[in-house]
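Working notes, beginning with the structure itself.
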Amino acid sequence: MRRYLRVVGLCLACGFCSLLYAFSQLAVSLEEGAAGGRRPQAAVVSWLADSERDTRRGAGSAGPGRTGRCKEFSLSYWNPYWMLPSDVCGMNCFWEAAFRYNLKTRPNEKMHLAVVACGERLEETVTMLKSALIFSIKPLHVHIFAEDQLHDSFKVRLDSWSFLQRFNYSLYPITFPSDSAVEWKKLFKPCASQRLFLPLILKDVDSLLYVDTDILFLRPVDDIWSLLKKFNSTQIAAMAPEHEEPRIGWYNRFARHPYYGRTGVNSGVMLMNMTRMRRKYFKNDMTTARLQWGDILMPLLKKYKLNITWGDQDLLNIMFFHNPESLFVFPCQWNYRPDHCIYGSNCREAEEEGVFILHGNRGVYHDDKQPAFRAVYEALRNCSLEGDSVRSLLKPLELELQKTVHTYCGKTYKIFIKQLTKSIRNRYDTPPKER
């Protein structure tokens with residue numbers, strides 16, 4: 490009899506949980522339906538060095554830099570925790586966090602992509618974003634940090650893509666802590682070190698993919714985003730090695746500071762679990778005490794500013810030299826640069842599966858030094874976001890690439906279109922029911 494009572498009790502508990510789940514999903518559907526069709530307006534976050542308050546400039550609904558994330562809101566029969574607005578935390582934090590996060594946030598999770606643009610990088614950034622949107626499947630929120638004079642141009646270009654319901658964006662100024670802004674601006678390039686402060690500015694963003702403006706996605710952003718699931722319990726970020734071949738490596742031959750691994754890492758494509766980054770206490774060579782992300786940056790710059798060449802990338806290498814357990818290293822095909830083919834092919838993974846993400850550093854998209862890289866960039870720049878345009882770019886691109894076989898990178902031109910061909914076929918040629 491006792492066994493039967495246990496079975497009945499278990500069935501009742503399962504039925505209650507199922508009913509609770511159904512109500513939760515219904516509430517989520519109703520909330521999404523009410524919010525359908527609204528696109529967040531561009532938001533701007535200003536840095537305040539002496540406090541954690543973020544100010545907003547411009548119109549629109551609250552974005553990543555909003556304040557008052559947790560507002561008091563009484564729970565009742567008519568205001569249960571699973572129906573609270575997204576910017577409100579209920580009194581019953583345990584239940585609200587458990588149910589709202591698991592049942593509501595995760596299924597509708599957006600991918601977050603960040604880029605920093607200054608100077609003449611508008612067109613390059615727009616082309617990068619176009620390559621990301623052409624293949625992405627899940628919703629994508631883009632965080633653009635740009636000089637003020639570029640904001641209107643970005644709005645004009647990106648608002649013309651409003652028909653893409655799975656895409657929205659936020660615009661931010663270039664900002665640094667007020668007491669050290671000059672030093673950070675002079676580090677390498679005017680905007681480059683902005684990326685170091687993303688975990689501190691985008692406080693409500695859990696995970697983020699940062700890319701340089703000279704990146705081109707030849708595969709869905711979803712695929713590199715999925716690498717977050719491969720992080721172990723200690724890993725907070727992912728990057729690719731700076732070099733595959735130590736004989737031509739820069740860090741192992743010239744660096745005057747510590748660096749990660751044998752050849753260092755390249756930060757042009759950086760996948761981050763920013764929640765972990767904000768919480769972690771980092772080992773360092775400045776003090777026996779471990780320091781958090783917001784506390785380690787300035788001391789690190791003061792110690793090494795006369796010894797670093799590549800600015801923020803060097804600082805990241807120093808940090809992960811002392812905390813190697815915190816870095817997930819992905820293969821070179823996720824950050825394929827001219828270094829991988831300029832003296833002969835040395836990215837084995839790209840030879841086997843093709844290039845996943847193309848990184849045209851050193852301005853190779855805009856000169857004649859690496860015509861293979863430039864051909865891919867121009868093909869995507871001139872391509873529209875319409876399916877027919879994407880499908881038709883392969884043939885002309887291959888013909889252009891065949892003209893580059895006199896260069897080392899051009900000799901292996903097929904790796905530039907191998908993955909691109911698969912991405913176009915999977916995204917545009919596969920019937921919706923089979924995708």
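Just so we're on the same page, the working numbering is the position in the sequence shown counted from 1, plus 489.
For glycine and all other residues, C-beta sits at the position ideal for the given N, C-alpha and C.
query	result
DSSP bridge partner residues for Ile633 (one or two, in chain order)	Val604 and Leu660
Sequence-distant residues of its chain with Cβ nearer than 6 Å to Lys627 (five each side left out)	Met600 and Asp711
Buried or exposed by the 16-neighbour rule on C-beta atoms within 10 Å, applied to Ile904	buried
Extent of the continuous alpha helix (DSSP H) to which Phe862 belongs	Pro860 to Arg870
Three-pair Cβ contact test at 8 Å for the segment 871-889 versus the segment 781-790	no
Three-state secondary structure assigned by DSSP to Met728	strand
Contact between the segment 692-706 and the segment 653-671 (3+ Cβ pairs under 8 Å)	no
Option in Pro730, His848, Leu795 and Arg916 with minimal Cα separation from Ile704	His848
Segments of 4+ residues assigned as alpha helix (DSSP H) that fall wholly inside the segment 760-814	763-768, 782-793 and 801-811
Local Cβ density within 10 Å of His895, reported as buried at 16 or more and exposed below that	exposed
Residue nearest to Asn915 in terms of C-alpha spacing, selected from Trp650, Ala603 and Ser625	Ser625
Runs of beta strand (DSSP E) wholly within the segment 664-722 (minimum 3 residues, chain order)	696-700 and 704-706
Span of the alpha helix (DSSP H), counted from its first residue to its last, around Leu816	That residue, Leu816, is in no alpha helix (DSSP H); its beta strand (DSSP E) goes Leu816 to Val818.
Ala861 to Arg826 span [Cα, whole Å]	11 Å
Best match in Glu734, Ile725, Leu698 and Gly753 for proximity to Tyr770 [C-alpha to C-alpha]	Ile725
Reduced DSSP category for Gly899 - H, G, I as helix; E, B as strand; rest coil	helix
Touching by the beta-carbon criterion (3+ pairs, under 8 Å), the segment 800-815 and the segment 671-687	yes
Distance between beta carbons of Asn835 and Gly757, contact taken as under 8 Å	Incorrect: roughly 17 Å between the Cβ atoms, too far for contact.
Delimiting residues of the alpha helix (DSSP H) encompassing Ile623	Leu611 to Phe624
Ala531 to Thr614 span [Cα, whole Å]	Here the model assigns Ala531 a pLDDT of 39, short of 50, so the residue's position is not dependable and the matter cannot be decided.
Residue from Met759, Lys900, Glu838 and Ala606 whose Cα sits closest to the Cα of Lys678	Ala606
Bridge partners - Gly833, DSSP secondary structure assignment	Ile831
Cα-Cα separation between Ala864 and Leu883, rounded to whole angstroms	11 Å
Residue environment, Gln473, which counts as buried when at least 16 other CB atoms sit within 10 Å	With the chain represented from 490 up to 924, any question about residue 473 goes unanswered, as that position is not in the structure.
Residue interval of the alpha helix (DSSP H) (run including Leu847)	It is not in any alpha helix (DSSP H) - Leu847 instead sits in the beta strand (DSSP E) that spans Ile846 to His848.
Sequence-distant residues of its chain with Cβ nearer than 7 Å to Gly750 (five each side left out)	Pro730
Proximity below 8 Å, CB of Met759 to CB of Thr702	no
Best match in Trp714, Val671, Glu598 and Ser649 for proximity to Phe952 [C-alpha to C-alpha]	Look at the range of the chain in this structure, 490 to 924, and you will see that residue 952 is not part of it.
CB of Val671 within 8 Å of CB of Ile633, strictly	no
Sub-8 Å separation of Arg655 and Leu689 beta-carbons	no
Proximal residues to Pro820 (C-beta, below 6 Å), its chain only, five neighbours per side dropped	Glu838
Where Asn824 falls: helix, strand or coil (DSSP)	coil
Contact under 8 Å by Cβ, Val879 with Ile623	yes
Helix, strand or coil at Ser756 according to DSSP, with G and I counted as helix	strand
Among Lys644, Ser620, Gly498 and Arg745, the one whose alpha carbon lies nearest that of Ile797	Arg745
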